[in-house]
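50 is the number of the first residue of the sequence shown in the working numbering; add one for each residue after it.
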Amino acid sequence: MAVHEAAGASTPGQANLRDHSVILGLGYVGLPLAQQAVRSGVKVVGLDLSERVVNGLNAGRSHVDDLSSADIDEMREKGFSATTDPSVIVDADTVVICVPTPLSDDGGPDLSAVQSAAETVGDHLRSGTLVVLESTTYPGTTDEFMRPILESRSGLVAGRDFSLAFSPERIDPGRQDFGVKNTPKVVGGFSPECTRQATKFYSRFIDTVVEARGTREAEMAKLLENTYRHVNIAMVNEMAQFCHELDIDLWNVIELAKTKPFGFQAFYPGPGVGGHCIPIDPNYLSHRVKQRLGYPFRFVELAQEINASMPNYVAQRAQNLLNADKLAINGATVLLLGVTYKANIGDQRQSPAVPLAKRLQHLGAQVVFHDPHVEQWNVTGVTKADPDPIAAAAAADLVILVQNHREYDVDALEAASTRFLDTRGVPGSSSRL
Ligand SMILES: NC(=O)c1ccc[n+]([C@@H]2O[C@H](COP(=O)([O-])OP(=O)(O)OC[C@H]3O[C@@H](n4cnc5c(N)ncnc54)[C@H](O)[C@@H]3O)[C@@H](O)[C@H]2O)c1
50 MAVHEAAGAS TPGQANLRDH SVILGLGYVG LPLAQQAVRS GVKVVGLDLS ERVVNGLNAG
110 RSHVDDLSSA DIDEMREKGF SATTDPSVIV DADTVVICVP TPLSDDGGPD LSAVQSAAET
170 VGDHLRSGTL VVLESTTYPG TTDEFMRPIL ESRSGLVAGR DFSLAFSPER IDPGRQDFGV
230 KNTPKVVGGF SPECTRQATK FYSRFIDTVV EARGTREAEM AKLLENTYRH VNIAMVNEMA
290 QFCHELDIDL WNVIELAKTK PFGFQAFYPG PGVGGHCIPI DPNYLSHRVK QRLGYPFRFV
350 ELAQEINASM PNYVAQRAQN LLNADKLAIN GATVLLLGVT YKANIGDQRQ SPAVPLAKRL
410 QHLGAQVVFH DPHVEQWNVT GVTKADPDPI AAAAAADLVI LVQNHREYDV DALEAASTRF
470 LDTRGVPGSS SRL
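In structure tokens, the structure reads:
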């Protein structure tokens, strides 16, 4: 396995600098990547289908949590611009594709954005360009799905006329200690030369680049990382349920296990998994295994089942808390604190707060929400609580801490609440899941 540590910015005059890049898809992944590339002197044009995204960026407005509007201004001062015009691809040395890969209605991979991006790139591709896919997807996508589209639309041949690679994005939105620059970047090319070209590009602005054997290994590495998290979170979620019955404090158990300096990594229970990765990516893998080999990937299916059951479990615990005081959940006011999929960001995608709210409503509760990161939450029948979380907590029959945003003083919130359920295991909280 080859690992390349960046030797610093390339000097002018060096051949084939890969200086002009187009980043296609300017969301949570594409925009931070563009920022890091621009900071290192790479000229970046951002290409997106959305007029709203492009106009916002060109007016200096950020639409993702990890970048402020000041960051966009800094990028623009360094030459970044955004466009909806795909002809910019003609002038690019490198095109990086960062488009969404959601699930389709039947739970399988929805590669429609990758397909349309590949068609767009293929229509404008010229000889010598490097094309990299960063979207999370099943192993084989770059070679079996994207390469034929690029080749047929351009008339060029991968590995001969243009370079093709996959490089998984490992970004963790909201994280301060690891970002694009200091998180090692895995790259896997269609051929060894394609890998070399991709390494050369990313080494310009990322500290460590790790070469995979090929595109499939790079695609699979990302799915291993996410499946590992999915399975371990499911394990502690299942433990949380029986530990509660056995009167064992699982949070304390995890702190004890964590004192072992090797062979253990802590995962924590919660109200369910959310975001763009954990609830989606492992399904790409299990779908692929079943489609190609005819048998299930049992770990993923079990993890999916357990993690998806957590919102209902939290609702049941809420019902039990009211029941202990001889109250019904039917007609009770339940306040959800934090409705994003993780703390300290505004991303609502796949948030477990949605099925939780729906379950509580199904049981007859009047659900209200408070979230300093969310202006509008589109769950029918749920209303916005008092902007002061303490006043909102005092007004509810039951408060559920779903995400522990840094703005929350959990001790004060718990003290103000008549009944409190902490799904995040905040130290000192006496009402943990
Ligand atoms: N968000 C994360 O934390 C994260 C982390 C690691 C990997 N990923 C993966 O990265 C990929 C992108 O995710 P994201 O969170 O950045 O998505 P996003 O929805 O935030 O952004 C995607 C952008 O792509 C644009 N787009 C869609 N189709 C396009 C096309 N054909 N041409 C041009 N633009 C197009 C959309 O308008 C949007 O602005 C996904 O595969 C995701 O699984 C996401």
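For every residue, glycine included, the Cβ atom is placed at its ideal position computed from N, Cα and C.
Going straight from the alpha carbon of Thr244 to that of Leu179, what length do you get? In this structure, the CA atom of Thr244 is about 10 Å from the CA atom of Leu179.
Check whether the Cβ of Glu218 sits closer than 7 Å to any heavy atom of ligand 1, and report yes or no. Yes, the beta carbon of Glu218 sits closer than 7 Å to at least one heavy atom of ligand 1.
Mapping the DSSP letters down to three states, classify Gly474 as helix, strand or coil. Three-state DSSP puts Gly474 in coil, outside helix and strand.
Euclidean distance between Cα positions of Val448 and Asp460: For the pair Val448 and Asp460, the Cα-to-Cα distance works out to about 13 Å.
Buried or exposed: which applies to Ile297, given that a residue is buried once 16 or more other Cβ atoms fall within 10 Å of its Cβ? Counting the other Cβ atoms within 10 Å of the Cβ of Ile297 gives fewer than 16, which makes it exposed.
Need the endpoints of the beta strand (DSSP E) that Glu260 sits in, please. Thr257 to Glu260 is the extent of the beta strand (DSSP E) around Glu260.
Please say whether Thr143 and Ser216 have beta carbons closer to each other than 8 Å? Taking C-beta atoms as the reference points, Ser216 and Thr143 fail to come closer than 8 Å.
Three or more C-beta pairs below 8 Å linking the stretch 190 to 197 and the stretch 82 to 98: Using a C-beta cut-off of 8 Å, the stretch 190 to 197 makes no contact with the stretch 82 to 98, since fewer than three inter-stretch Cβ pairs fall below that distance.
Arg408, DSSP secondary structure in three states: In the displayed model, Arg408 falls within a helix according to three-state DSSP.
Alpha helix (DSSP H) runs wholly inside the stretch 236 to 295, at least 4 long, in chain order: Counting only runs of 4 or more, we get 241 to 252 and 264 to 294.
Can you give the Cα-Cα distance for Pro222 and Thr185, rounded to whole angstroms? Between Pro222 and Thr185, the C-alpha separation is close to 15 Å.
Counting along the chain, where does the beta strand (DSSP E) carrying His454 start and finish? No beta strand (DSSP E) holds His454; DSSP gives it neither H nor E.
Does the distance from the CB of Lys230 to the CB of Val259 come in under 8 Å? For Lys230 and Val259, no; Cβs fall outside 8 Å.
Rounded to the nearest angstrom, how far is the Cβ of Val363 from that of Thr472, given a contact under 8 Å? The pair is a contact, with the Cβ atoms about 6 Å apart (cut-off 8 Å).
Excluding the 5 residues flanking Ala442 on each side, which residues of the same chain have their C-beta closer than 7 Å to its C-beta? Residues of the same chain with a CB within less than 7 Å of the CB of Ala442, apart from the 5 flanking positions on each side, are Leu384, Val448, Leu462, Ala465 and Ser466 in chain order.
Once DSSP output is grouped into helix, strand and coil, what is the label at Lys307? Judged by DSSP in its simplified three-state form, Lys307 adopts coil rather than helix or strand.
What does the alpha-carbon distance come out to for the pair Ala55 and Tyr390? So the alpha carbons of these two residues sit roughly 34 Å apart.
Just to confirm before moving on: does the CB-CB distance between Pro438 and Gly321 stay below 8 Å? When the beta-carbon positions are compared, Pro438 and Gly321 stay at least 8 Å from each other.
Please name the residue, chosen from Met269, Gly324 and Trp426, that lies closest to Lys407 on a Cα-to-Cα basis. Per the Cα distances, Trp426.
Taking its Cβ as the centre, do 16 or more other Cβ atoms sit within 10 Å of Gln225, making it buried, or is it exposed? When all chains shown are included, Gln225 counts as exposed.
In chain order, what are the residue ranges of uninterrupted alpha helix (DSSP H) at least 4 long that sit wholly in the stretch 308 to 371? Listed in chain order, they are 330 to 342.
Distance cut-off 7 Å: Glu268 Cβ against heavy atoms of ligand 3: For the structure depicted, ligand 3 is absent and the ligand set comprises only ligand 1.
Closest by C-alpha distance to Gly109, when choosing among Asp420, Ser130 and Phe316: Ranked by Cα distance from Gly109, the first of Asp420, Ser130 and Phe316 is Ser130.
Using DSSP with H/G/I as helix, E/B as strand and the rest coil, what is His422? Note: His422 maps to coil in three-state DSSP.
Measure from the alpha carbon of Ala162 to the alpha carbon of each residue in Val338, Pro404 and Asp97, then state which is nearest. Out of Val338, Pro404 and Asp97, Asp97 has the C-alpha closest to the C-alpha of Ala162.
Assigned secondary structure, Ser59 (DSSP; H/G/I helix, E/B strand, else coil): Residue placement at Ser59 is flagged as unreliable, the pLDDT there being 42, under the threshold of 50; a coordinate-derived value is accordingly withheld.
Going by CA-CA distance only, name the one from Ser117, Leu409, Lys375 and Arg366 that's closest to Thr382. Ranking the options by Cα distance to Thr382, first place goes to Leu409.
Could you tell me the boundaries of the beta strand (DSSP E) in which Thr132 lies? Taken as a continuous stretch (DSSP letters only), the beta strand (DSSP E) holding Thr132 covers Ser130 to Thr132.
Is there contact between the stretch 266 to 285 and the stretch 317 to 337, where contact requires at least three CB pairs shorter than 8 Å? At 8 Å Cβ cutoff, the stretches touch.
Exposure of Phe313, with buried meaning 16 or more beta-carbon neighbours within 10 Å: The residue in question, Phe313, is exposed, as its Cβ has fewer than 16 Cβ neighbours within 10 Å.
I want to check one thing, is the minimum distance from the CB of Asp97 to the heavy atoms of ligand 1 below 7 Å? Checking the Cβ of Asp97 against ligand 1 gives yes.
Once DSSP output is grouped into helix, strand and coil, what is the label at Ala83? Looking at Ala83 - three-state DSSP - the assignment turns out to be helix.
Taking the CB atoms as reference points, tell me whether Asp115 and Pro81 lie closer together than 8 Å. A contact, by the Cβ cut-off of 8 Å.
One or two residues paired with Phe211 in a DSSP bridge: Partner(s): Ala207.
Who are the near neighbours of Val93 in its chain, counting only those whose CB is closer than 7 Å to its CB and skipping five residues on each side? Result list for Val93: Ser70, Ile72, Ala83, Ala86, Val87 and Phe129, in chain order.
Who pairs with Arg481 in a beta bridge, going by DSSP? Note: Arg481 sits in a beta bridge opposite Asp471.
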